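These protein sequence lines are chains A and B, in that order.
With the UniProt record's numbering, letter number 55 in the first sequence gets 55, and the count goes up by one each step, no holes.
With the UniProt record's numbering, letter number 265 in the second sequence gets 265, and the count goes up by one each step, no holes.
Protein chains: 2
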Amino acid sequence: MQDSFAQKKQAILNDISTNGPDNLDASPKGTIDEHCIAIINLINSHRDMVTTSSCSGRVSVYLEGIQNKLVSKGNEGRWIFVTHDTMNLEDWYKTIDFQYVQEYPSSSYETRSILYKFEALILHVKCRNQSMANKLYSVAMNCGFRESGIGSNYNVAIRTSIKLDVPIGYLGDDNTYRCFVTENYLKYITNVSFDRFKENFKKLEQLYQAIEKYIINLSEPSKDSNDDFDESKCKSFKSKGWESIEERRARMREEGLRKKEELKKAKDAAEST
Amino acid sequence: MQDSFAQKKQAILNDISTNGPDNLDASPKGTIDEHCIAIINLINSHRDMVTTSSCSGRVSVYLEGIQNKLVSKGNEGRWIFVTHDTMNLEDWYKTIDFQYVQEYPSSSYETRSILYKFEALILHVKCRNQSMANKLYSVAMNCGFRESGIGSNYNVAIRTSIKLDVPIGYLGDDNTYRCFVTENYLKYITNVSFDRFKENFKKLEQLYQAIEKYIINLSEPSKDSNDDFDESKCKSFKSKGWESIEERRARMREEGLRKKEELKKAKDAAEST
Numbered sequence: 001m002q003d004s005f006a007q008k009k010q011a012i013l014n015d016i017s018t019n020g021p022d023n024l025d026a027s028p029k030g031t032i033d034e035h036c037i038a039i040i041n042l043i044n045s046h047r048d049m050v051t052t053s054s055c056s057g058r059v060s061v062y063l064e065g066i067q068n069k070l071v072s073k074g075n076e077g078r079w080i081f082v083t084h085d086t087m088n089l090e091d092w093y094k095t096i097d098f099q100y101v102q103e104y105p106s107s108s109y110e111t112r113s114i115l116y117k118f119e120a121l122i123l124h125v126k127c128r129n130q131s132m133a134n135k136l137y138s139v140a141m142n143c144g145f146r147e148s149g150i151g152s153n154y155n156v157a158i159r160t161s162i163k164l165d166v167p168i169g170y171l172g173d174d175n176t177y178r179c180f181v182t183e184n185y186l187k188y189i190t191n192v193s194f195d196r197f198k199e200n201f202k203k204l205e206q207l208y209q210a211i212e213k214y215i216i217n218l219s220e221p222s223k224d225s226n227d228d229f230d231e232s233k234c235k236s237f238k239s240k241g242w243e244s245i246e247e248r249r250a251r252m253r254e255e256g257l258r259k260k261e262e263l264k265k266a267k268d269a270a271e272s273t
Numbered sequence: 001m002q003d004s005f006a007q008k009k010q011a012i013l014n015d016i017s018t019n020g021p022d023n024l025d026a027s028p029k030g031t032i033d034e035h036c037i038a039i040i041n042l043i044n045s046h047r048d049m050v051t052t053s054s055c056s057g058r059v060s061v062y063l064e065g066i067q068n069k070l071v072s073k074g075n076e077g078r079w080i081f082v083t084h085d086t087m088n089l090e091d092w093y094k095t096i097d098f099q100y101v102q103e104y105p106s107s108s109y110e111t112r113s114i115l116y117k118f119e120a121l122i123l124h125v126k127c128r129n130q131s132m133a134n135k136l137y138s139v140a141m142n143c144g145f146r147e148s149g150i151g152s153n154y155n156v157a158i159r160t161s162i163k164l165d166v167p168i169g170y171l172g173d174d175n176t177y178r179c180f181v182t183e184n185y186l187k188y189i190t191n192v193s194f195d196r197f198k199e200n201f202k203k204l205e206q207l208y209q210a211i212e213k214y215i216i217n218l219s220e221p222s223k224d225s226n227d228d229f230d231e232s233k234c235k236s237f238k239s240k241g242w243e244s245i246e247e248r249r250a251r252m253r254e255e256g257l258r259k260k261e262e263l264k265k266a267k268d269a270a271e272s273t
């Protein structure tokens, strides 16, 4: 017989396990970010925690809606570009039909602004009780996620302040995207975003290790506890290409070795010319 | 005899009450923002809450420190410009010796970036117990302070996501401030900041009213409780020009009447031409 927390956790895991191209969630992307999967699996392996939403960090270009209030997401606001992956970031602005202009609206209320944003990792974790929520909150704060907090019903939000929020243009009367910064400036903030992503993934890795060290390894593993939730759901993550902690470690090690090898080759090539 | 929370509250109030030009706090400004004083007084009038830090919202231009990590505040990072007040915002960039250039560093790691930021209201409130913290958190969330959270020891952080975070330049090798956006762009983001301030103060006002309605007016007033803290400290706020709730209401009413009168005059003048 499952207790109330275990029942909720099971329902959430059922939802996550069927998430995919055929069953999109409410986020603009519709599926869970690949970079979050390892930490989601780690957190969900603990019987007293379950992840309820996540974003591994992203760059987005957002056209604001018709304004009643600032940065409104309703009223026809829409994403012009979104990526969670540095792979898709280079030259993103060349894929958008921007008209580069030197005109500015006199106020952001008058027109619909276009904003370039870098948003860092955010994780929401439902905990079984106050003690679990406090523990997770402390671990996150100590990893530098200084904007974290505990909400109602032991929901912990893990947040950091790595960000960019840059007005780059507005919607013209003829519905064109007017860009009042130069392409070189867009290139520069894109480069800054690469650095932000790097910092962001470093912090994600630190958080992973801290949760593993100070929470998972210090707790009774959920397998030893009475069968609170369906282990087969975890297996169904894996069958969809989700990594276990061990698989992730192996992949990271392999990637590290490959990069080292590539670096050596590049160095050798440079020395021989 | 004071309980432990009341003792801590008293110590914090002692600190606040002597804060001023001769006794600066740790913030870059060194004193409490005028715009926060009414809500600080309101919150501190409740026996189960005390404000521990506050910023009413600000525009700042920040030169990053020598980089080991991103957006480092240590290592010689410094503010080039800070204001909490729209009065000081217009044409701020004309007071800084910017050299407008069209060159960009290839990465933000290489140089010390100059960032233009709008940061919204943030309030930290220490509560007596979980129940008080939950209540304050709920009120803040319902006012749209969606990044609020409860930390350890019933400390509530009240935060919203109104922001700007714009790279505008870097420190040249010759220690000059190189600005790679145009003066017109600086003017534009300054205008956007006026709108952000407006939205920010609207939310501050909403928060004030909600705390008053759902917390203060529904609680026993602290005067009726056993004398937990020194009332004379509250008087010392007033002697420094701090407003009581009643004084603030009277001033707002007066200002409203004056604005109405001015609007009527302007309308009459327009109609007579």
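Beta carbons: idealized from backbone N, C-alpha and C, even for Gly.
Treat the numbers as computed from the prediction; the structure is a model and nothing was measured.
Pairing Arg-112 of chain B with Met-1 of chain B, the inter-Cα distance amounts to about 53 Å. Against chain A, a Cβ distance below 7 Å from Glu-64 of chain B picks out nothing, because the smallest value is about 11 Å. DSSP lists A:Asp-165 and B:Lys-117 as the beta-bridge partner residues of Asp-165 of chain B. Contact between Thr-31 of chain B and Leu-24 of chain B holds: CB atoms are separated by about 7 Å, below the 8 Å threshold. Just so you know, the alpha carbons of Tyr-154 of chain B and Gln-7 of chain B end up roughly 16 Å apart. Counting along the chain, Lys-126 of chain A sits inside no alpha helix (DSSP H); it lies in the beta strand (DSSP E) bounded by residues 122–127. Taken in chain order, the complete alpha helix (DSSP H) segments of 4 residues or longer contained in the stretch 30–86 of chain A are 37–44. Secondary structure note for Gln-102 of chain A: it is in no alpha helix (DSSP H), with a DSSP letter that is neither H nor E. Using a Cβ-Cβ cut-off of 7 Å, Ser-106 of chain A is close to Asn-191 of chain B, given in chain order. Within chain A, no C-beta atom comes less than 9 Å from the C-beta of Arg-128 of chain B; the nearest is roughly 16 Å away. Positions of the alpha helix (DSSP H) runs, each at least 4 residues long and wholly inside the stretch 132–212 of chain B, are given as 183–211 in order along the chain. In terms of CA proximity to Tyr-177 of chain B, B:Leu-115 leads the group B:Asn-184, B:Val-125, B:Leu-115 and B:Tyr-137. Taking a C-beta cut-off of 9 Å against chain B, the contacting residues of the stretch 152–186 of chain A are Ser-152, Val-156, Ala-157, Arg-159, Ser-161, Ile-162, Lys-163, Leu-164, Asp-165, Val-166, Pro-167, Phe-180, Val-181, Thr-182, Asn-184 and Tyr-185, listed in chain order. By a beta-carbon distance limit of 8 Å, Val-166 of chain B does not contact Val-156 of chain A. Their separation comes to about 30 Å. The three-state secondary structure of Asn-19 of chain A, taken from DSSP, is coil. In terms of Cα proximity to Leu-186 of chain A, the closest of B:Arg-146, B:His-35 and B:Pro-105 is B:Pro-105. For the pair Ile-168 of chain A and Cys-179 of chain A, the CB atoms are nearer than the 8 Å cut-off. The Cβ of Ser-148 of chain B sits closer than 8 Å to at least one Cβ of chain A. Of all residues in the stretch 27–56 of chain A, none is placed with a Cβ closer than 9 Å to any Cβ belonging to chain B. With contacts defined as CB atoms closer than 8 Å, Thr-52 of chain A and Ile-96 of chain A fail to qualify as a contacting pair. Within 10 angstroms of the beta-carbon of Tyr-137 of chain A lie 16 or more other beta-carbons, which makes it buried.
With a threshold of 16 other beta carbon atoms within 10 Å, Ser-54 of chain A meets it and is buried.
Excluding five sequence positions before and after Lys-203 of chain B, the CB atoms of its chain that fall closer than 8 Å to its own CB belong to Ala-120, Leu-121, Cys-143, Gly-144, Phe-145, Thr-160 and Ile-162, given in chain order. Taking Ser-193 of chain A as the centre and dropping the five residues before and after it, the same chain places the C-beta of Val-59 and Phe-118 closer than 6 Å to its C-beta, in chain order. In this structure Ile-158 of chain B touches Val-125 of chain B by the C-beta definition: roughly 7 Å separates them, less than 8 Å. Neighbours of Ser-138 of chain A in chain B, taken as residues whose beta carbon is under 8 Å from its own, are Ser-152 in chain order.
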